[in-house]
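Peer 1: Supplied in C-alpha cells, the structure appears directly below.
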Amino acid sequence: MSPRNGVKLQDILQAAEDIANERGMGEVTLTTLAQKLHIRPPSLYNHVDGLNGLRQVLALHSLEQLEEALTSGAVGRAGDDALAAMGKAYMRYARERPGLYEAMLYATDRKDTELRDAADRVAELVISVLSSGYGFKEEDCIHAARGFRSLLHGFASLEQKGGFGLPVEVDRSIAVMMDTFLAGLRVQQQRNAELSEKS
C-alpha cells in the first residue's frame, strides 16, 4: 500500500515529537498524531506498525539524536573536558527536546536490534571516552558509564517533573554534580595506578 496524502515518515516523527514536547509522550497516540497531520488514523499504518511501532521508531530516533548531541560535545576533547561537555550536551538535549528524550523510555520491544544497536552506540561513546581519558579497563568503564547516565537521566527526569523547588540555581547544581563525579573518576584512576604499581 503506498502512503497517502504525501505524508512521509519524517513528517510523522516531527509531529509526534511536537506533541510529546508540548504535552508529554503519554499524549502521543495515533488519533492525536493523525489530527495534527490532518489525516485519518489508518493512513499512519502505511508508515508505522500501530502505536507500538510508532513508539519504537520514536525511541530509535531519540537515541540517534542523543548520540549526535553527545558526539558533538566530545569532539576535540578528552577526559574530564569530554565528559563535562557530554554532560552539558545531554542536559541541553533533554531540556530542548523533552518529549523526544522521554520517548527513549517508551520503547516496547527491547529486543529490537536497531534499537539495541543505537543504545549500544551511545554507551560505547561514553565508554570510549572513559577508556582513553582515564585508562579504565572494561568493567570500570561500564560502572562509570552507568553512573554517568544515571546521574544525568535522574537529574533530567526530576527537572522535567518540576522536582527542584529550592532557591538554588539548577545549572549550578548540575555543575557541582558533574565536578563531584569527575573527581571520583580521578580517584579511581589513581587507585588503579597504585594497584598496577604493586602488582
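Take any residue in the sequence shown, note its place counting from 1, add 157, and you have its number in my numbering.
Heads up, the beta-carbon is just placed ideally off N, CA and C, and yes, glycines get one too.
1. Exposed or buried, what is Gln167 when buried is set at 16 or more other beta-carbons lying within 10 Å of its beta-carbon?
2. Around the C-beta of Leu352, are 16 or more other C-beta atoms found within 10 angstroms, so that it is buried, or is it exposed?
3. Measuring only the C-alpha atoms, how far is His218 from Met334?
4. Who are the near neighbours of Gln317 in its chain, counting only those whose CB is closer than 6 angstroms to its CB and skipping five residues on each side?
5. Taking 8 angstroms as the cut-off, does the segment 214-232 touch the segment 276-294 (at least 3 CB pairs, one atom from each stretch)?
6. Within the same chain, show all residues whose beta-carbon is closer than 6 angstroms to that of Arg234, passing over the 5 residues directly before and after it, in chain order.
7. Alpha carbons only, please: which of Arg212, Lys193, Asp175 is nearest the one belonging to Asp269?
8. Straight-line CA distance for Ser200 to Gly230?
9. Does the segment 243-251 touch the segment 184-204, meaning 3 or more C-beta pairs lie closer than 8 angstroms?
10. Taking the alpha helix (DSSP H) that Val333 belongs to, which residues open and close that run?
11. Reducing DSSP to helix, strand and coil, say where Lys318 ends up.
12. Distance, Cα to Cα, Asn209 vs Met261?
13. Take the Cβ of Glu174 as the centre, count every other Cβ of all protein chains shown within 10 Å, and call the residue buried at 16 or more, exposed below.
14. Is it right to say Gly311 is buried, meaning 16 or more other beta carbons lie within 10 angstroms of its own, or is it exposed?
15. If you draw a straight line from the alpha carbon of Gly290 to that of Arg306, how long is it in whole angstroms?
16. In or out: Arg348 buried (at least 16 other Cβ within 10 Å) or exposed?
Peer 2: So, from the listed chains and residues:
1. exposed
2. exposed
3. 28 angstroms
4. Pro255
5. yes
6. Ala242
7. Arg212
8. 38 angstroms
9. no
10. 327-355
11. coil
12. 13 angstroms
13. buried
14. exposed
15. 17 angstroms
16. exposed
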